[in-house]
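Numbering (our numbering), first residue to last: 43 to 356.
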C-alpha cells in the first residue's frame, strides 16, 4: 500500500515541479526539451536491447497521431494552463480523466453506459464547478470564456487529448503489436520536436535558448521531471497493476489532488480553500457511483477497458 501512495504522491509532485521549473524556462521550451530528451532515451534503450527500431509503414500514421495528441497537444495545453494557474487546481481538473475516457469510449468505441454510470459522471463533473470560481488575477488576465478561464479550458483540452492519445497507444500495442517503449519513445521525440518548433514560432526568447535564468537549475528540474514521469511512475504503475485491481488504483488516485494541494501549499504558497475540498468530495462520490457499476457494464472492445485503466493513472 505504501508503494501506491508513493506513486500518486510522485504523480502529484510533477505538477508542483513543473510549476517551479517555469521560473527557469519558457513553458513550451520546457515541455519540448523534456519530451524530446525522454524520447531519445527510450529509443536508445530499445535499440540497445533489440538491435533495431521495429517501425514499419503501417506504424507511421498511428505514431504520428500519438505524438500529436498524447505528447504535443496534451502537454502544450497542460503547460500553458499550468503557467497561468495553480498546480493543485490543474491536478484536480486532470482528475476528470476517468470520466472523459468513458465518454470518449462511449462515442468512439461503442462502450455501453447505464443510468448509474451517467449519474456518477454527472456528479463528478458538477463537483468540479466550485473550483472554477477560484480564479486568480493571472488566470483572469489570460482571458476567459463565460465563467471558465482560458487556462481552465486549456487543461480540459489537455485531458481530452491525453485520453484520445492513450486509446491510440493501446491500439498500437494490441493491434499493431508494438512495444510501449518504442511507441512512447517515437511519439515523445515527435511531440517534443513539435513543441520545440511551437516554442520558436510562438516567440519564446531563443537567445540562444529560452532559459530565463540559472541553466544548471533548469537542467536539474528537467532531469528530475524526466526521471519521475518517464522512468519511475511508468514502471511503478505497471508493477502495481499486477498486484492491485484497476478500480482500487482508480480510487487511490483520488489522493493525487490531495498531495498536489499539500505540495502547492507547502512549496508554492498556493492557497487551498473550501472549494478544493468540496470538489474532491463530490468527485469521490461520483467516481464511486461510476465504478460500482463497472463490472455490470458490458463492453464491445477490450481496448476500452485496458485504456481506461492506464488513463486513470496518467
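Note that beta-carbon positions come from the ideal geometry of N, C-alpha and C, so glycine has one too.
query	result
Paired residues, beta bridge with residue 187 - DSSP	190
Presumed contact (8 Å Cβ cut-off) between residue 131 and residue 73, rounded CB distance	That belief does not hold up - the Cβ atoms of residue 131 and residue 73 are roughly 19 Å apart, past 8 Å.
Member of 91, 124, 118 whose CA lies at the smallest distance from the CA of residue 58	124
Cβ-based neighbour list, residue 117, same chain, cut-off 8 Å, excluding 5 preceding and 5 following	73, 77, 200, 233, 237
Residue of 161, 62, 49, 88 minimising C-alpha distance to residue 227	88
Ranges of the alpha helix (DSSP H) found wholly within the segment 181 to 255, counting only runs of at least 4	192 to 216, 222 to 243
Other residues of its chain near residue 352: CB distance less than 6 Å, five sequence neighbours each side excluded	With a pLDDT of only 45 at residue 352, under 50, the local geometry of the prediction cannot be trusted, and the value read off the model is given with reservation. Excluding sequence neighbours, residue 352 sits near 208.
Sequence-distant residues of the same chain with beta carbon closer than 7 Å to residue 312, five excluded per side	128, 129, 130, 306
Burial state of residue 159 (16 or more Cβ within 10 Å)	buried
Outcome for residue 211 when other beta-carbon atoms lying within 10 angstroms are tallied against a minimum of 16	buried
Inter-stretch contact (C-beta, 8 Å, three-pair minimum) for the segment 134 to 142 and the segment 325 to 335	yes
Cβ contact check for the segment 239 to 252 and the segment 93 to 100: 3 or more pairs under 8 Å	no
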